[in-house]
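Student: Same order as they appear, the protein sequences are chains A and B. Adding 1246 to a residue's 1-based position in the first sequence gives its number in our numbering. Adding 1118 to a residue's 1-based position in the second sequence gives its number in our numbering. A virtual CB, placed ideally from N, CA and C, is assigned to each residue, including glycine. This structure is a prediction, so every number in the text was calculated from the model and none was measured.
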Amino acid sequence: GDSVTQMEGPVTLSEEACLTINCTYTATGYPSLFWYVQYPGEGLQLLLKATKADDKGSNKGFEATYRKETTSFHLEKGSVQVSDSAVYFCALSDPNPNTGTASKLTFGTGTRLQVTL
Amino acid sequence: GAVVSQHPSWVICKSGTSVKIECRSLDFQATTMFWYRQFPKQSLMLMATSNEGSKATYEQGVEKDKFLINHASLTLSTLTVTSAHPEDSSFYICSANQGQGDEQYFGPGTRLTVT
Chain A
1247 GDSVTQMEGP VTLSEEACLT INCTYTATGY PSLFWYVQYP GEGLQLLLKA
1297 TKADDKGSNK GFEATYRKET TSFHLEKGSV QVSDSAVYFC ALSDPNPNTG
1347 TASKLTFGTG TRLQVTL
Chain B
1119 GAVVSQHPSW VICKSGTSVK IECRSLDFQA TTMFWYRQFP KQSLMLMATS
1169 NEGSKATYEQ GVEKDKFLIN HASLTLSTLT VTSAHPEDSS FYICSANQGQ
1219 GDEQYFGPGT RLTVT
């Protein structure tokens, strides 16, 4: 079945440091890939997504490129801020247009990022 | 826009009692709602998918008689944990979307503690 593996945290960085959170996946079809962020006390929010190979998703300075050859979707940011402190989840959905139902999401375990001054 | 709320945000109950958790889409009609369970330091695990007006589809290993899901309207789904036990203690999260392929919008979660 589908699965997502992401690096364990916590990741602790100083403000303005570079961030990379690794994510790899296995899927039977051609999934869409997502990064979700969960700020303290809040629900998950979609950070960025990519729907096909070589697509790059970007938002709020974060980027991730859909790499089919390495089955990866690593999250990167060139300069993190204290406000980026949160838990980041990599996820995939393996759409099946024949089922007529909304696509299910498969999540990684989440990586906690702590950014300090 | 696209806000999903959950109520309550946390609940403590005794073993053997039932607990109902509500999930509401506040500013859109949710054709599909999803219920997830999250253990500490673990991933979100999908429990079931519900479409308005029809029976929920449960994931393998999830007891449908224990976790009752009702999606009676396009803005409300409920999860009832029946005859709760301490091992049911967890963080329950719902999400909703407006149609096939649409982004899922997540609620803030409900922490259930069974004593």
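(1) Going by DSSP in three states, Gly-1247/A sits in which element: helix, strand or coil?
(2) Is there a Cβ of chain A sitting closer than 8 angstroms to that of Pro-1226/B, yes or no?
(3) Can you list the residues of chain A that Gln-1160/B reaches, using a CB-CB cut of under 7 angstroms?
(4) Val-1122/B versus chain A: which residues are under 9 angstroms apart at the beta carbon?
(5) Could you tell me whether the Cβ atoms of Thr-1196/B and Lys-1138/B are closer together than 8 angstroms?
(6) Since Gln-1327/A and Val-1361/A should fall inside the 8 angstroms C-beta cutoff, what is the C-beta to C-beta distance between them, to a whole number of angstroms?
(7) Quick one: does Leu-1197/B have its CB under 8 angstroms from some CB of chain A?
(8) Can you grab the Cα-Cα spacing for the pair Leu-1230/B / Asp-1206/B, in whole Å?
(9) In three-state DSSP terms, what is Glu-1205/B?
(10) Could you name the residues of the same chain whose beta carbon sits closer than 6 angstroms to that of Ser-1325/A, not counting the 5 residues immediately before and after it, in chain order?
(11) Under 8 angstroms by Cβ, that's how I've got Asp-1330/A and Leu-1293/A pegged, so tell me the actual separation to the nearest angstrom.
(12) Give the interface partners of Gln-1222/B over in chain A, defined as CB-CB distance under 7 angstroms, in chain order.
(13) Quick test of the definition: if touching needs 3 or more C-beta pairs under 8 angstroms, does the stretch 1178-1192 of chain B touch the stretch 1125-1134 of chain B?
(14) Under 8 angstroms: do the stretch 1144-1151 of chain B and the stretch 1209-1216 of chain B share three or more Cβ pairs, one atom per stretch?
(15) Can you tell which of Ser-1133/B, Lys-1159/B, Asn-1169/B has the C-alpha that lies nearest to the C-alpha of Gln-1216/B?
Tutor: According to the structure shown:
(1) coil
(2) The Cβ of Pro-1226/B sits closer than 8 angstroms to at least one Cβ of chain A.
(3) Thr-1355
(4) Gly-1289
(5) yes
(6) Rounded to whole angstroms, the Cβ separation of Gln-1327/A and Val-1361/A is 6 angstroms, and the two are in contact under 8 angstroms.
(7) no
(8) Approximately 8 angstroms, taken between the alpha carbons.
(9) helix
(10) Glu-1262
(11) Not a contact, Cβ separation roughly 10 angstroms.
(12) Leu-1351
(13) Contact fails: fewer than three Cβ-Cβ distances are below 8 angstroms.
(14) yes
(15) Among Ser-1133/B, Lys-1159/B, Asn-1169/B, the Cα nearest to that of Gln-1216/B belongs to Asn-1169/B.
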